[in-house]
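Taking it in order: structure first as structure tokens, then the write-up.
There are 4 protein chains.
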Amino acid sequence: MAGTDATTLPSDREARRHRWEDLTTWPLMLAALVFLVAYAWPILDPTLPTAVDRLAAVVMRGTWLVFLTDYVVRLRLAHDRPAFVRHHPLDLLSVAVPVLRPLQLLRVVTVLDRAIGRRLGSRVAMYAVAVTTAAVGLGALAILDAERDAPGATITSFGDALWWAWATVTTVGYGDRYPVTTAGRGVAAVLMLCGIALLGLVTASLASFLVDRYQDEDEEEDQARDDARFAALHDELRELRAEIRALRRPESL
Amino acid sequence: MAGTDATTLPSDREARRHRWEDLTTWPLMLAALVFLVAYAWPILDPTLPTAVDRLAAVVMRGTWLVFLTDYVVRLRLAHDRPAFVRHHPLDLLSVAVPVLRPLQLLRVVTVLDRAIGRRLGSRVAMYAVAVTTAAVGLGALAILDAERDAPGATITSFGDALWWAWATVTTVGYGDRYPVTTAGRGVAAVLMLCGIALLGLVTASLASFLVDRYQDEDEEEDQARDDARFAALHDELRELRAEIRALRRPESL
Amino acid sequence: MAGTDATTLPSDREARRHRWEDLTTWPLMLAALVFLVAYAWPILDPTLPTAVDRLAAVVMRGTWLVFLTDYVVRLRLAHDRPAFVRHHPLDLLSVAVPVLRPLQLLRVVTVLDRAIGRRLGSRVAMYAVAVTTAAVGLGALAILDAERDAPGATITSFGDALWWAWATVTTVGYGDRYPVTTAGRGVAAVLMLCGIALLGLVTASLASFLVDRYQDEDEEEDQARDDARFAALHDELRELRAEIRALRRPESL
Amino acid sequence: MAGTDATTLPSDREARRHRWEDLTTWPLMLAALVFLVAYAWPILDPTLPTAVDRLAAVVMRGTWLVFLTDYVVRLRLAHDRPAFVRHHPLDLLSVAVPVLRPLQLLRVVTVLDRAIGRRLGSRVAMYAVAVTTAAVGLGALAILDAERDAPGATITSFGDALWWAWATVTTVGYGDRYPVTTAGRGVAAVLMLCGIALLGLVTASLASFLVDRYQDEDEEEDQARDDARFAALHDELRELRAEIRALRRPESL
Chain A
1 MAGTDATTLP
11 SDREARRHRW
21 EDLTTWPLML
31 AALVFLVAYA
41 WPILDPTLPT
51 AVDRLAAVVM
61 RGTWLVFLTD
71 YVVRLRLAHD
81 RPAFVRHHPL
91 DLLSVAVPVL
101 RPLQLLRVVT
111 VLDRAIGRRL
121 GSRVAMYAVA
131 VTTAAVGLGA
141 LAILDAERDA
151 PGATITSFGD
161 ALWWAWATVT
171 TVGYGDRYPV
181 TTAGRGVAAV
191 LMLCGIALLG
201 LVTASLASFL
211 VDRYQDEDEE
221 EDQARDDARF
231 AALHDELREL
241 RAEIRALRRP
251 ESL
Chain B
1 MAGTDATTLP
11 SDREARRHRW
21 EDLTTWPLML
31 AALVFLVAYA
41 WPILDPTLPT
51 AVDRLAAVVM
61 RGTWLVFLTD
71 YVVRLRLAHD
81 RPAFVRHHPL
91 DLLSVAVPVL
101 RPLQLLRVVT
111 VLDRAIGRRL
121 GSRVAMYAVA
131 VTTAAVGLGA
141 LAILDAERDA
151 PGATITSFGD
161 ALWWAWATVT
171 TVGYGDRYPV
181 TTAGRGVAAV
191 LMLCGIALLG
201 LVTASLASFL
211 VDRYQDEDEE
221 EDQARDDARF
231 AALHDELREL
241 RAEIRALRRP
251 ESL
Chain C
1 MAGTDATTLP
11 SDREARRHRW
21 EDLTTWPLML
31 AALVFLVAYA
41 WPILDPTLPT
51 AVDRLAAVVM
61 RGTWLVFLTD
71 YVVRLRLAHD
81 RPAFVRHHPL
91 DLLSVAVPVL
101 RPLQLLRVVT
111 VLDRAIGRRL
121 GSRVAMYAVA
131 VTTAAVGLGA
141 LAILDAERDA
151 PGATITSFGD
161 ALWWAWATVT
171 TVGYGDRYPV
181 TTAGRGVAAV
191 LMLCGIALLG
201 LVTASLASFL
211 VDRYQDEDEE
221 EDQARDDARF
231 AALHDELREL
241 RAEIRALRRP
251 ESL
Chain D
1 MAGTDATTLP
11 SDREARRHRW
21 EDLTTWPLML
31 AALVFLVAYA
41 WPILDPTLPT
51 AVDRLAAVVM
61 RGTWLVFLTD
71 YVVRLRLAHD
81 RPAFVRHHPL
91 DLLSVAVPVL
101 RPLQLLRVVT
111 VLDRAIGRRL
121 GSRVAMYAVA
131 VTTAAVGLGA
141 LAILDAERDA
151 PGATITSFGD
161 ALWWAWATVT
171 TVGYGDRYPV
181 TTAGRGVAAV
191 LMLCGIALLG
201 LVTASLASFL
211 VDRYQDEDEE
221 EDQARDDARF
231 AALHDELREL
241 RAEIRALRRP
251 ESL
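Just so you know, the sequences run in chain order A, B, C and D.
Numbering of the first sequence is given in UniProt numbering, commencing with residue 1 and proceeding in unit increments.
Numbering of the second sequence is given in UniProt numbering, commencing with residue 1 and proceeding in unit increments.
Numbering of the third sequence is given in UniProt numbering, commencing with residue 1 and proceeding in unit increments.
Numbering of the fourth sequence is given in UniProt numbering, commencing with residue 1 and proceeding in unit increments.
Right, here's the structure in full:
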């Protein structure tokens, strides 16, 4: 447990990784926010001068470098590197695949995660709300970016985009607005998948809550029955002991 | 536990709050009904003379004052005020946010709640029916109010509005009618959320019912197995006792 | 238990009701089939001569009388009449409300029910398939009847109607076909409700199956642990008995 | 149990069937792939010369013969033939019904099944992904085949077909693209059913996972309580034994 060369001790490396993650939480949150502004602004205001547009692209590359550095450092400090890669797939995707960079915003969820603690029910609810909000918001931005200037497009303002995203994620799908470009359809396909996951999470949470309640009622009955059974055994043992004592008493009488 | 100044005793204040709630149940139901009429009438009949329209607005303000007063009284009588605010979020929203005033109608659910009693299954079913009915009815009124005079609107009669609301809450979403105003889309977004909740509740109730049934079958097997195990223990103890008695009998022989 | 006036004995009346239900099963199935033909034919072939149309109406009235008679007889033979009414709501609705007469076809489900036996899983699956098939088939007939001649109608053939009904019951709702009449929208509203119930049943059945499987695994572990615990108790009791025997043996030695 | 003619021994026949299935796994996978290419190519490229088209048809007939042979051999080697037919319905359908031949591709799932092992959770997830992918891919090919040249068709490219298939299987159903032919509507009906099954599987998996988690927590409490109960019994038995020993000790004192 106490080694001579601290830098090579796995548990020590893991501890350093956790210290690194604690230290970088808020800077990375800030980087995610800067990324969001640089990503959203040129989409929301297409009349921006080219210079600002280019600045936004540079800023986005900068935040990407920040997240890439963070990933590399954490990977190097990880005790079991292949396991680290497997357990943090979204982190890898968001730094490796350019179109998935908005996933860096999920870092916000990680922070909320720590704040909310370990209760399963509330964590599931929080993930559902966070992922849905992120999916609708980012989906609206991405679809607007893809569709706005396409011929025959029906989604041409952020209001349209938000409305379409919400109708899609709830699987209502009126069809008054729909993507016509390949990129837009890709965004839509991901949103539909989020919608199915959302429906599933809402239903599953409710179902597990109800099942848990029913079982608690059954459980109480079971406990009462078991209590009675064990009490019967104890009674019998007590009588046995009385009989054994009776064996001794004649001598003392 | 025994105090001198009864008015400051928490348990006494709580008791007074419950008496207040018992007393105001039916008056508040009536106020909710009056509110519904004053809210729905001008929407359903847009040819009403301006005077009646204004009267309806005054009546709605009056019912709002009634609900505001009720909320303030209950809050003052509450033992733990922050807890009261946290546990009655809909009551607060319905008096604080003007567009959410129709939520005052949910007071009807509270009354049904008491009538139906505590069985979890039937309470969930009742909430599903009540919330869906309220969502569809109020959603239809609100969407008609928002859309009727909008250019390019497809929802222009109460029949259209009800039809659209039902197609939305079931997540079918044909798209033959859809909102075009921002207010209408807001109403639609809430209805879609209700739809997901409805689907979730229906599924979760069925699932928990089925799981409960399966478990009752398993349960019976388990009980039979446990009965056999405890019976075996009792048999063994009975034999033990017989052997102990046999220790005494030689003397009597 | 053995009475003098057999006709007034409740258990005897119930037995006669069950004999009646056994005897009338196949005649009522036939009546339901005749009803289906008389209901569907004029809808599927609108070029029928008026005489045939009228004949179909007469036949439908005849089958209704058959079902009405059956309901009255069963009600009279029932031991607890209010309970009979409460437990057979669809039977009452199908004879009392003219537009719900197609529900008489659900009699087919009752017969299947007996054939399939009591296993919960397969009964739920069978109900889901039967109700969905009935809802889609009857919904298509009803919507075609309501829409065919309406101005602006998009559902004008049985193929369209079936296609629309299936897209509705699965909550997909393309919106390429949709009802425009009030009667048609009523049919659609019921179909959407069936769709939600179908989704709920499919999901709930799968969920309860999976939960049951997981629990069987847990169950086996629990049983093994309990077996070990009871075996430990039996061991201890056996040793106790050995010690008691050792008390006797010194005398015999 | 021990026979003279080994070829007629049921267990020996079953062993030979399993050896046959092991041997043919990869050749059948290859045949399925060849089938997929011969099926998809003429649909994806309608400008193919007639000769290639005919070649594709011949190749498809060839792969069908391969699968038919495999089915017949396995059926003959099966110990209980009616049970074999009942337990492999998709194998039978894919060789017996021409339009269902693409189901032969599900053979790929069988292979994955062996690779992934027996854990229920991951098997359900894998089935969901495999069936959805197969349904969307094959559905897109089939709908394109059915719709491309139909008058008034809205699905005329593979991109459209994939987009439509995904919007259908997630039950979003915008209605910007929809089938107009009877064959196309048949494909759509099957896809919608897959969509409901997908929603059900996702939800059910999540629900069973959550229920399992909740129960594990309850389980730990139960185990602790049971441990305490059994420990109390053991204590009492130990005391009993001490008393019995005390019966003997007086002699030794």
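Don't be surprised by glycine CBs; every beta carbon is placed ideally from N, CA and C.
Minimum Cβ-Cβ distance from residue i to chain A less than 8 Å
i      : result
H234/B : yes
R229/D : yes
A167/D : yes
R241/C : no
T63/B  : no
L198/D : yes
Where the alpha helix (DSSP H) containing residue i begins and where it ends
i      : result
A165/C : 158-169
R61/C  : 50-77
P89/B  : 89-96
Among the options, nearest to residue i - alpha-carbon criterion
i      : options                       : result
D39/A  : R238/A, V58/A, P49/A          : One detail in the question is off: residue 39/A reads as Tyr in this sequence, not Asp. Nearest C-alpha to Y39/A: V58/A.
V187/A : L247/A, E243/A, G139/A, L92/A : G139/A
L55/B  : L65/B, L233/B, A224/B, W41/B  : W41/B
A135/B : D145/B, E220/B, L105/B        : L105/B
W166/D : I196/A, D149/A, G152/A        : I196/A
R185/C : D145/C, W64/C, R229/C, Q215/C : D145/C
A128/D : D227/D, T203/D, A246/D, L48/D : T203/D
Within-8 Å CB hit, residue i to chain D
i      : result
I244/C : yes
L206/B : no
G195/B : no
G175/B : yes
M1/B   : Summary for M1/B: the model assigns pLDDT 42, below 50, so the residue's position carries little reliability, and this model does not support an answer.
Backbone CA spacing between residue i and residue j [nearest angstrom]
i      : j      : result
S157/D : I143/B : 38 Å
P98/B  : L193/B : 20 Å
S208/D : V211/B : 10 Å
S205/B : Y178/A : 34 Å
R16/D  : M29/D  : 20 Å
R213/D : A51/D  : 60 Å
T170/A : A183/C : 28 Å
R19/B  : L233/D : 51 Å
M133/B : W164/B : One point to set straight first is that residue 133/B is Thr, not Met, in the sequence displayed. Using only the alpha carbons, I get a separation of about 14 Å.
L44/D  : V180/D : 19 Å
A83/A  : L75/A  : 10 Å
A130/D : L162/D : 16 Å
D222/D : Q215/D : 10 Å
V85/C  : L92/C  : 7 Å
D226/D : F230/C : 11 Å
Closer than 8 Å to chain E by CB, residue i
i      : result
Y178/D : You won't find chain E in this structure, because its protein chains are A, B, C and D.
Contact list for residue i against chain D, beta-carbon separation under 7 Å
i      : result
R185/A : W163
7 Å Cβ cut-off: residues of chain C touching residue i
i             : result
T203/A        : T203
residue 264/D : Any answer about residue 264/D is impossible in this case: the structure gives chain D only from 1 up to 253.
A189/D        : W166
Proximal chain C residues relative to residue i, where beta-carbon distance stays under 9 Å
i      : result
D218/B : D212, Q215, D216, E219
Proximal residues of chain A, C-beta to C-beta of residue i below 8 Å
i      : result
M192/B : W166, A167, T170, V172
L247/D : I244, L247, R248
Residue i at chain C interface by Cβ criterion, 8 Å
i      : result
G159/D : no
T182/D : yes
L44/D  : no
Listed by chain order, chain A residues near residue i by CB distance under 9 Å
i      : result
G137/B : None at all; the shortest Cβ gap to chain A is about 19 Å.
Chain B within 8 Å of residue i, Cβ atoms only
i      : result
L253/C : Note that L253/C has pLDDT 47, beneath the 50 cutoff, so the model's placement of it is unreliable and no number is given.
Under 9 Å by beta carbon: chain D residues contacting residue i
i      : result
V131/A : Here the premise fails: no neighbours, minimum Cβ distance about 13 Å.
Listed by chain order, chain D residues near residue i by CB distance under 8 Å
i      : result
L237/A : L233, E236, L237, L240
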